[in-house]
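Engineer: Chains as they are written, first to last, in my numbering: chain E, 1 to 455; chain S, 456 to 910.
Note that CB positions come from ideal geometry on N, CA and C, so glycine has one too.
Sharing a structure, written as structure tokens. Questions coming.
Number of protein chains: 2
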Amino acid sequence: MSTRRLHLNAFLMNTGHHEASWRLPESDPYSSTKIAHYANLARIAERGKLDSVFFADSPSLWGTIGRRPSGSLEPTVVLAALAAVTEHIGLIATASTTYNEPYNLARRFASIDHLSGGRVGWNIVTTATLDAARNFNLAELPDHASRYARAEEFLQVAKKLWDSWDDAAILGDKETGLWGDERLVYPADHAGEHFQVAGALNVPRSPQGHPLLVQAGSSEDGKAFAALHAEAIFTAQQTLQEAQAFYADIKRRAAAAGRDPDGVLVLPGIVPVIGDTEAEARELEAELDRLIVAEYALGNLAKQLKLDPSELDLDRELPANLPHEDEIEGAKSRFTLIVDLARRERLTVRQLIGRLGGGRGHRTFSGTAEQVADAIFEWFDDGAADGFNIMPAVLPSGLEAFVDRVVPILQERGRFRTEYTGTTLREHYGLARPENPRRREALESAVKGVLAHAR
Amino acid sequence: MSTRRLHLNAFLMNTGHHEASWRLPESDPYSSTKIAHYANLARIAERGKLDSVFFADSPSLWGTIGRRPSGSLEPTVVLAALAAVTEHIGLIATASTTYNEPYNLARRFASIDHLSGGRVGWNIVTTATLDAARNFNLAELPDHASRYARAEEFLQVAKKLWDSWDDAAILGDKETGLWGDERLVYPADHAGEHFQVAGALNVPRSPQGHPLLVQAGSSEDGKAFAALHAEAIFTAQQTLQEAQAFYADIKRRAAAAGRDPDGVLVLPGIVPVIGDTEAEARELEAELDRLIVAEYALGNLAKQLKLDPSELDLDRELPANLPHEDEIEGAKSRFTLIVDLARRERLTVRQLIGRLGGGRGHRTFSGTAEQVADAIFEWFDDGAADGFNIMPAVLPSGLEAFVDRVVPILQERGRFRTEYTGTTLREHYGLARPENPRRREALESAVKGVLAHAR
Ligand SMILES: Cc1cc2nc3c(=O)[nH]c(=O)nc-3n(C[C@H](O)[C@H](O)[C@H](O)COP(=O)(O)O)c2cc1C
Ligand SMILES: Cc1cc2nc3c(=O)[nH]c(=O)nc-3n(C[C@H](O)[C@H](O)[C@H](O)COP(=O)(O)O)c2cc1C
């Protein structure tokens, strides 16, 4: 049996995942619009042989611009630019099924797959904020269930479009002047509840066939969707027990949906704060927490909990009367995670803000490179993770520390690649290129025609 | 008075604008999905100090794949990739106002403007094919007038979004923890007939303020729209007289709309076929025409003329009874151009197909580099053009010939730059960065508030 290998994704976000990271002397507060910053980060991740880099996204301005870097370049065009300046690393962008049309989005991902030589992934989200809805002709956030119903049909259409050219459709026969075989183009011919899409994509089938499909919702609907479509899952898990339960649940659901559970990789987030000593790491974390403007963070927390800021007291625990997850139409699973964390550890609002400021609900781990490697192996070996979503508190320095100090330990222990062995993102993650079901259908119907004739 | 300078755009399309170009021994029939091909072309154009490169687009598979390269990478992601491998040249992509949402598209262009350092342009089209409509939930092509009405409101929203951050909105003050000045973000707050868009863009104002706005419709609605919004106009004109009339019409309309006519550049298309001698150029053109598969081209022509293929005879002129432009809901102006060309020169259908196969209605000019330069100056000096949309019949060789043989003549005569003098696409075209009207409005209302208080 070959050794099970770790998979590592670097989640990139301007000056880092800690909300006060931009205030450190080393940080460039204007980095969010600078492609050179992201090119540098992608190259660092590639130096570390990571599987991929990833960008979150929402089509709206998040909160106000007062207290932390806001605004971000649209991630699909960022991926295209990064494809030109990297060679191996996978490139994953978030895009919303609620605020895009399948023809446009399927085409953009297929195009980036071509121009990156098969390195693209799509983090499929349904977008949980009212602000986004109000940028797209809506007065209200569409409810959770209907967003996921649209997402489900969106994926059906996208897959038909990605499969609408046979791999063998292009002939390029200069002699006869026959460029392509029209019989090997399969129009989407989709007529559903949300979408009617008649034609074939205007992009030939891409190197990976489909982009790597990633998903990050952890609600019931989110997990059901993931079990059907996702090949990698990002998730926020605070404790080993919760992470194990989530992991088992996802694998069970994938199997129940008739899929190979090994084809669905679970990647919990981790915010590693790395020091030469544990004390140094803790001091860096504390320094960052001191830079949080508590009053501002309090407003954001209140919004996530559907409370008025006046209902929260910085030096007390959360109030007893909180809404139930069922009342949350936005990000359900994140709501529950925050409340559980606060209750379990009996955190004051101020303490909770510190914990969330570091990784917005993701697990923060401060320690030496050895300790971080151990923490990674603990979850990896104990049925909680197939790899990790690395979310450095400060960028680029936190990613450099991870790549230069933690990755070599993972490699020494034989659990992480020392060179890229494949060329596509699917190959990095050990996943197959999807076959084209349309081809089989087309062949079957051709055979039927011949048989009917022969009778 | 300073010398008036030519502006040159290179219109890039897989193996070239001649529909049979892919059959030449030098052509790679698989080039349409290869970013290396486009990167090479963009670098050649940059070597020639051209203003920009440009990609046409429609969100549908055009015709069938049988006879010529079909399918193309989505142009905005192509621009993003090209931005990473070029330094100076402008990058223009086509995108449809009919099949996009303003928030998504305005954001993508603003993002590319950031990542290219201010080099992006948008060719605004309303998309004239039924095939596209049927990929976006529609059974019929929306009529011409309603497409342009949507385009008009789309531009209003896009401009509000591009202006939704003041240039001074980001403070980046690490000391106080104040990243931005919330008062300098101006939400779009748009509630119109086609669009309701509440928020600000989630991208800070870009280097150019707005992308360069390009337009390519020549119908009445198209010209009215261009007069209001376009800063550069691509157009297909066959004769000097027609081109002069179009040029004068556009400049008059721009002035009538209160704009500086010099701020609206008219760039007719030209398909230059360049040889060491005129005879050599003509032979190259003839060789290409011989490679056209006439029966296939006939089908396309019939479609454009709203006829059945059986109504066309390869060896006769067009039938007398043709529809009127008013009955065309698709590309009105192209229809009229084709019919006028055929009637004026009394072309048989076969001859017409040859002429259209070269440049799809654009002017083809075969000759030596000197003759091409003379043809360019004739129109440029005679009130027909501010520059040209260069559409090489074969790529890359036709672009190389233009850059290496025609451009030096234009430069020797002092009418074309020998080095880039600016850094943005607007600077290349001699156009100003738009001011932000939202800032003035915001200041005025602040002043009013202070005055009211003072009373
Ligand atoms: C690592 C990670 C990244 C995420 N990125 C995004 C994102 O970029 N955009 C987004 O709308 N939601 C993002 N989400 C949030 C989930 O998609 C979120 O839970 C979703 O909005 C609501 O789904 P749920 O109610 O099923 O949990 C992310 C979640 C995780 C764990
Ligand atoms: C050089 C040039 C390039 C064009 N590129 C596109 C294009 O990429 N996509 C498109 O839909 N139309 C394109 N057009 C066509 C015009 O936009 C077309 O005329 C339009 O579809 C209908 O407008 P009209 O009826 O106002 O002429 C182009 C036209 C010219 C002259």
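Got a sec: is the Cβ-Cβ distance from D340/E to anything in chain S below 8 angstroms?
Structural biologist: no
Engineer: Given D163/E, which residues of its chain have a CB within under 6 angstroms of its CB, disregarding the five upstream and five downstream residues?
Structural biologist: N436 and R438
Engineer: If you follow the beta strand (DSSP E) that D628/S is part of, which residue opens it and which one closes it?
Structural biologist: I625 to D628
Engineer: Taking only heavy atoms of ligand 2 into account, decide whether any of them is closer than 7 angstroms to the Cβ of H599/S.
Structural biologist: Checking every heavy atom of ligand 2 against the Cβ of H599/S, one is found closer than 7 angstroms.
Engineer: Less than 7 angstroms between the CB of K787/S and some heavy atom of ligand 2, yes or no?
Structural biologist: Checking the Cβ of K787/S against ligand 2 gives yes.
Engineer: Interface residues of chain E around A901/S at Cβ under 7 angstroms?
Structural biologist: Result: empty, since nearest Cβ-Cβ is about 18 angstroms, beyond 7 angstroms.
Engineer: Could you tell me the distance, in whole angstroms, from the CA atom of I499/S to the CA atom of D731/S?
Structural biologist: Cα-Cα distance, rounded: 20 angstroms.
Engineer: If we cut at 8 angstroms on Cβ distances, does T129/E have a partner in chain S?
Structural biologist: no
Engineer: Determine, using beta carbons only, whether F871/S and L865/S come nearer to each other than 8 angstroms.
Structural biologist: yes
Engineer: Spatial neighbours of D514/E within its chain, please: C-beta separation below 7 angstroms, excluding the five flanking residues on both sides.
Structural biologist: Any question about residue 514/E goes unanswered here, given that chain E covers just 1 to 455.
Engineer: Taking the alpha carbon of E26/E as the reference point, which residue from H665/S, H569/S, G627/S and W517/S has its own alpha carbon closest?
Structural biologist: For the set H665/S, H569/S, G627/S and W517/S, the Cα lying nearest the Cα of E26/E is the one of G627/S.
Engineer: When you compare each of E556/S, G654/S and D568/S to L610/S by their alpha carbons, which one comes out closest?
Structural biologist: E556/S
Engineer: With a threshold of 8 angstroms between beta-carbons, can K174/E be considered close to chain S, or not?
Structural biologist: yes
Engineer: Determine the DSSP secondary structure at S673/S, reduced to helix, strand or coil.
Structural biologist: coil
Engineer: Who are the Cβ neighbours of F466/S in its own chain at under 6 angstroms, not counting the five residues just before and after it?
Structural biologist: The residues are F509, N844 and M846.
Engineer: For the candidate residues A286/E, E311/E and L288/E, whose alpha-carbon lies nearest to that of L298/E?
Structural biologist: E311/E
Engineer: Short of 6 angstroms in beta carbon distance, which residues of its chain neighbour D621/S, apart from the five on each side in sequence? Order them along the chain.
Structural biologist: L639 and R894
Engineer: With distances taken Cα to Cα, identify the nearest neighbour of L720/S among D768/S, A671/S, P764/S and G809/S.
Structural biologist: A671/S
Engineer: Report whether the distance from the Cβ of T913/S to the nearest heavy atom of ligand 2 is below 7 angstroms.
Structural biologist: Residue 913/S lies beyond the stretch modelled for chain S, which goes from 456 to 910, so this question has no answer here.
Engineer: What residue range does the alpha helix (DSSP H) around R108/E cover?
Structural biologist: P102 to L115
Engineer: To the nearest angstrom, how far is it from the Cα of R502/S to the Cα of N495/S?
Structural biologist: 11 angstroms
Engineer: DSSP three-state label for W162/E, please.
Structural biologist: helix
Engineer: Can you determine whether any heavy atom of ligand 1 sits closer than 7 angstroms to the C-beta of N300/E, and answer yes or no?
Structural biologist: no
Engineer: Please list, in chain order, the chain S residues whose beta carbon lies closer than 7 angstroms to that of Y186/E.
Structural biologist: Going along chain S, no residue has its Cβ under 7 angstroms from Y186/E, so there is no contact; the nearest lies around 11 angstroms.
Engineer: Evaluate E686/S with the Cβ neighbour count: other Cβ atoms within 10 Å of its Cβ, from every protein chain shown; 16 or more gives buried, anything less gives exposed.
Structural biologist: buried
Engineer: Going by alpha carbons, who is nearest to W577/S out of D644/S, I688/S, G526/S and Y493/S?
Structural biologist: W577/S has its Cα closest to that of I688/S, out of D644/S, I688/S, G526/S and Y493/S.
Engineer: Does any C-beta atom of chain E lie closer than 8 angstroms to the C-beta of E501/S?
Structural biologist: E501/S does not count as touching chain E.
Engineer: How would you call D506/S, buried or exposed, if buried means at least 16 neighbouring beta carbons within 10 angstroms?
Structural biologist: Buried, by the Cβ-count rule.
Engineer: DSSP three-state call for M456/S: helix, strand or coil?
Structural biologist: Low confidence applies to M456/S: its pLDDT is 45, below 50, so where it sits in the model is not reliable enough to give any reading.
Engineer: Can you give me the start and stop residues for the alpha helix (DSSP H) that A588/S sits inside?
Structural biologist: L585 to A588
Engineer: Shorter than 8 angstroms from the beta carbon of V658/S to some beta carbon of chain E?
Structural biologist: yes
Engineer: Taking only beta-carbon positions, decide if V532/S is within less than 8 angstroms of chain E.
Structural biologist: yes
Engineer: Among L443/E, L130/E, R343/E and K49/E, which residue has its Cα nearest to the Cα of V407/E?
Structural biologist: K49/E
Engineer: For G814/S, which of helix, strand or coil comes out of DSSP?
Structural biologist: G814/S: helix per DSSP, three-state reduction.
Engineer: Starting from A20/E, follow the beta strand (DSSP E) in both directions and report where the run begins and ends.
Structural biologist: Here A20/E belongs to no beta strand (DSSP E), and DSSP marks it neither H nor E.
Engineer: Less than 8 angstroms between CB atoms is the rule here; does P69/E satisfy it with respect to chain S?
Structural biologist: yes
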